[in-house]
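Engineer: Using this note's numbering, you'd call the opening residue of the sequence shown number 1 and step up by one each time. Quick reminder that beta carbons are idealized off the backbone N, C-alpha and C, glycines included. Take a look at the following structure, please.
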Amino acid sequence: MTDVLSRRDLDFLLYEWLDVVSLTTRKRFADHSKDTFDAMLDLSADIAHKHFAPHNKKADANEPTMRPDGTVEMIPEVKQALDIFAAAGLTAGQFDDSVGGMQLPATVARAAMAWFQAANAGTAAYPFLTAANANLIATYGTTQQIDDFVRPMVAGRWFGTMCLSEPQAGSSLADITTRAVRQDDGSYRLTGTKMWISGGDHELSENIVHLVLARTPDGAAGVKGISLFIVPKFLPAPDGRRGERNDVVLVGLNHKMGNRGTTNTLLSFGDGTHSPRGQAGAIGFLVGEEHRGLSYMFQMMNEARIGVGFVATALGYAGYLQSLEYAKVRTQGRAIGAKDPSAAPVPIIDHADVRRMLLAQKSYVEGALALGLYCARLVDEQDSALDEPAAADAGLLLDVLTPIAKSWPSQWCLEANSLAIQIHGGYGYTRDYDVEQFYRDNRLNPIHEGTHAIQGLDLLGRKVAMRDGAAMTLLGSKIAETIGRARRVGSDAAQYADELEHVWNRMVAVTDTLLSEPDKAAALANSSIYLEAFGHTVVAWIWLEQLTAVDDKVGAFYDGKRAAVHYFYNYELAKVGPQIELLGRVDRSLVDLNPGVF
């Protein structure tokens with residue numbers, strides 16, 4: 001079996017570039033060492049290859065179905081794999097030891113989780129969502145809520161979801177109608193429906209903890225009137241086990257083109273099917289204060305957005321490694337200029353265009369993995385920085401990079417999957433090879449957790465402008481530091497530094513143009529183009545960062561990094577210039593276009 005990720009690349013990123021071992025000098029991570037980090041990565045790779053990867057294709061071909069009694073049927077290998085995952089304590093990862101966690105750095109926990117996402121994105125989605133759910137409750141919940149819900153999730157006994165969208169609202173959360181009414185005992189009764197809920201129902205765990213956005217009767221219109229509630233499938237019993245069935249009912253399963261091993265559900269809350277404690281409505285427990293639900297939910301949403309970027313990266317990486325292996329063993333054609341038709345055909349990796357496609361994939365997936373781990377390192381800085389200004393800077397930088405960390409891998413690692421299919425030729429789009437499934441699985445990620453359009457509006461409409469451009473200024477200072485180091489490394493690095501400096505200065509200038517444009521509709525009309533140009537510039541910076549870590553080290557691995565940097569700067573960064581020119585014109589054609597032309 002071909003590896004689903006490169007351990008050598010992870011070691012380079014974690015130890016030679018990000019220096020995660022230095023985190024062990026901080027109080028939060030003092031119980032860890034490189035040995036514990038390696039053990040976590042080794043264990044994750046082993047379980048992923050032995051118990052997640054083997055049923056990836058089977059789960060895709062045998063997606064979950066809804067039984068007549070309203071329960072979900074799926075292949076047994078999914079639960080078997082998740083039971084092994086939980087028994088190994090892997091859900092506990094970066095959680096505090098006070099709730100049963102390992103208190104690992106987020107950087108290491110994300111790297112470990114990437115093995116599972118690459119091996120089987122559908123099965124890995126359940127613990128991925130559970131960790132994000134538990135993190136939110138651990139941050140904003142009461143002590144009782146942490147005891148009731150976080151501990152069983154960290155232990156791997158209960159799973160969690162996020163319930164935002166509704167059939168009529170989609171991504172427009174201002175239009176949700178799910179209702180929550182306070183009861184005399186302080187709990188709430190919820191009624192309404194939620195759509196597109198990944199992991200929303202199954203028989204894989206003892207309980208499912210839903211985080212649900214809803215409105216109280218006095219909630220204002222729009223997002224400011226939204227509150228957040230914990231609504232478990234089974235109510236917690238006093239002894240810590242699951243108790244009475246709550247009124248959360250599976251209405252139907254959505255059938256997606258990919259990621260089929262994850263149940264995707266339409267849920268009804270409070271339709272009277274179960275009526276816990278003899279009253280109508282699903283019982284929910286308020287998180288924090290009323291009407292602040294969306295602000296709380298953004299923690300899970302942002303964590304999930306970075307997580308989606310990791311899923312996209314992992315799928316792109318798995319496809320790249322399979323196409324690389326295929327290109328080495330598949331023989332076809334002869335060298336250009338070869339005259340002897342009886343000569344043996346050459347491996348297709350000898351053809352320049354195949355090398356182009358492999359190098360493009362390498363630049364996308366290794367660049368995306370580095371970006372994701374850099375963002376995870378910022379989380380560790382937030383959690384453990386030695387002074388408050390350093391923690392604040394890490395949070396500010398994470399804010400501005402989150403739309404990129406979600407959307408760039410979702411776009412370009414999907415392109416990597418497309419190139420992996422192309423390298424396989426006609427075999428690539430058959431089900432005999434994995435690469436066609438990787439593409440289908442990955443095609444969901446440009447939509448998951450906010451489309452490209454939503455991320456572009458967030459980046460240009462809010463992130464680069466917040467606090468009078470403080471995040472943009474901070475990012476610029478980080479890029480300038482890298483440029484300075486690169487100029488000291490050598491001639492090639494210095495050339496790339498000059499190119500990056502030129503493009504970044506143009507990005508800053510066009511950002512100022514767009515932010516000062518009085519016609520906001522026109523300024524934001526091409527925000528998706530802005531997102532793409534900004535993302536390419538950021539990943540060019542991340543590649544230059546990697547090059548400075550390579551420095552003068554020798555060996556094929558380091559030569560591969562140098563080749564990827566060369567490709568990205570010559571083939572990819574060059575695309576940004578025309579995009580910046582378009583943005584600078586503040587083109588109104590999309591705003592003014594008459595829909596009748598279609």
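Using only the alpha-carbon positions, how far apart do LEU204 and HIS210 sit?
Structural biologist: Using only the alpha carbons, I get a separation of about 15 Å.
Engineer: What three-state label does DSSP hand ALA423 in the structure shown?
Structural biologist: Here residue 423 is Ile; the residue named in the question, Ala, does not match the sequence. DSSP places ILE423 in helix when its eight states are reduced to three.
Engineer: So what's ARG562 in DSSP terms, helix, strand or just coil?
Structural biologist: Looking at ARG562 - three-state DSSP - the assignment turns out to be helix.
Engineer: Using DSSP bridges, identify the partner residues of ILE580.
Structural biologist: For ILE580, which the question treats as bridged, DSSP gives no partner whatsoever.
Engineer: Measuring alpha carbon to alpha carbon, tell me which of ALA169, ASN135, ASP60 and ASP399 ends up nearest VAL615.
Structural biologist: Since the first and last residues shown for the chain are 1 and 598, residue 615 lies out of range.
Engineer: By how many angstroms is the C-alpha of GLY252 removed from the C-alpha of LEU267?
Structural biologist: For LEU267 and GLY252, the distance between alpha carbons rounds to 7 Å.
Engineer: Within a Cβ cutoff of 6 Å, which residues of the same chain sit near MET162, ignoring the five residues on either side of it in sequence?
Structural biologist: Same-chain partners within the cutoff: LEU211 and MET300.
Engineer: Quick one: what does DSSP say LYS194 is sitting in, helix, strand or coil?
Structural biologist: Three-state result, LYS194: strand.
Engineer: For SER227, list the residues DSSP reports as bridge partners.
Structural biologist: DSSP, once it has assigned bridges, lists ALA214 as partnering SER227.
Engineer: Of the residues PRO345, GLU545, ALA522 and ARG330, which one's Cα is nearest the Cα of ILE336?
Structural biologist: For the residues PRO345, GLU545, ALA522 and ARG330, the minimum Cα distance to ILE336 belongs to PRO345.
Engineer: Taking ARG356 as the reference, which of ALA533, TYR567 and LEU23 has the closest Cα?
Structural biologist: Minimum Cα distance to ARG356 is reached at TYR567.
Engineer: Taking only the alpha-carbon atoms, compute the straight-line gap between GLY170 and ASN259 and give it to the nearest angstrom.
Structural biologist: One C-alpha to the other measures close to 19 Å.
Engineer: Does the distance from the CB of PRO217 to the CB of GLU244 come in under 9 Å?
Structural biologist: Not closer than 9 Å, so no.
Engineer: If you run the structure through DSSP and keep just helix, strand and coil, what is ASN442?
Structural biologist: Three-state DSSP puts ASN442 in a helix.
Engineer: Could you tell me which of LEU190, PRO152 and ARG431 sits nearest to ASP239, measuring between CA atoms?
Structural biologist: Here the closest residue by C-alpha is PRO152.
Engineer: Where does the unbroken beta strand (DSSP E) through PRO276 begin, and where does it stop?
Structural biologist: Segment: none, PRO276 is in no beta strand (DSSP E) and carries neither H nor E.
Engineer: For the beta strand (DSSP E) containing THR265, name the first residue and the last one.
Structural biologist: Its beta strand (DSSP E) spans residues 264-269.
Engineer: One question on the structure: do LEU90 and ALA112 come within less than 9 Å of each other, judged by their Cβ atoms?
Structural biologist: Against a cut-off of 9 Å, the Cβ pair of ALA112 and LEU90 comes out as a contact.
Engineer: Evaluate HIS51 with the Cβ neighbour count: other Cβ atoms within 10 Å of its Cβ, from every protein chain shown; 16 or more gives buried, anything less gives exposed.
Structural biologist: By the neighbour-count rule (16 or more Cβ atoms within 10 Å), HIS51 is buried.
Engineer: Given GLY219, which residues of its chain have a CB within under 7 Å of its CB, disregarding the five upstream and five downstream residues?
Structural biologist: The answer, listed in chain order, is GLY225, ILE226, SER227 and HIS291.
Engineer: Have a look at TYR569 and SER342 and give me their C-alpha separation to the nearest angstrom.
Structural biologist: Roughly 40 Å separates the two Cα atoms.
Engineer: Applying the 10 Å Cβ sphere with the 16-neighbour rule, what's the burial state of PRO127?
Structural biologist: Buried, by the Cβ-count rule.
Engineer: Per DSSP, MET162 is paired with what?
Structural biologist: Its beta-bridge partners are LEU211.
Engineer: Does HIS448 pass the burial test, meaning 16 or more other C-beta atoms within 10 Å, or should it be called exposed?
Structural biologist: Result: buried.
Engineer: Check whether the segment 443-460 touches the segment 322-336, taking contact to mean three or more Cβ pairs, one atom from each stretch, closer than 8 Å.
Structural biologist: Counting Cβ pairs under 8 Å, fewer than three are found: no touch.
Engineer: Using 8 Å as the Cβ pair cut-off and three pairs as the minimum, do the segment 464-471 and the segment 417-425 touch?
Structural biologist: Touching, no.
Engineer: Does the segment 306-319 touch the segment 403-410, meaning 3 or more C-beta pairs lie closer than 8 Å?
Structural biologist: They touch, by the three-pair rule.
Engineer: Would you kindly check if the distance between the Cβ of ALA174 and the Cβ of ALA214 is under 9 Å?
Structural biologist: For ALA214 and ALA174, no; Cβs fall outside 9 Å.
Engineer: Taking ALA282 as the reference, which of ASP271, GLU289 and ALA540 has the closest Cα?
Structural biologist: The residue with the shortest Cα to Cα distance from ALA282 is ASP271.
Engineer: Tell me the rounded alpha-carbon separation between PHE116 and GLU532.
Structural biologist: Their Cα atoms are separated by approximately 28 Å.
Engineer: I'd like the ranges of any alpha helix (DSSP H) spanning at least 4 consecutive residues and lying wholly in the segment 467-550.
Structural biologist: If we require 4 residues or more, the alpha helix (DSSP H) runs fully inside the segment 467-550 come out as 491-516, 520-524 and 527-550.
Engineer: Using DSSP bridges, identify the partner residues of GLU289.
Structural biologist: GLU289 pairs with nothing; no bridge assigned.
Engineer: Within the continuous alpha helix (DSSP H) that includes PRO127, where are the two ends?
Structural biologist: Looking at the DSSP string, the run of the alpha helix (DSSP H) that includes PRO127 is 121-140.
Engineer: Give the straight-line distance between the Cα atoms of ARG440 and TYR374, rounded to the nearest whole angstrom.
Structural biologist: Straight-line Cα distance between these residues: approximately 27 Å.
Engineer: Would you decide whether GLY319 is buried or exposed? Buried here means 16 or more other CB atoms lie within 10 Å of its CB.
Structural biologist: Buried, since its Cβ has 16 or more Cβ neighbours within 10 Å.
Engineer: For the alpha helix (DSSP H) containing ARG377, list its first residue and its last residue.
Structural biologist: Here the alpha helix (DSSP H) through ARG377 covers 352-384.
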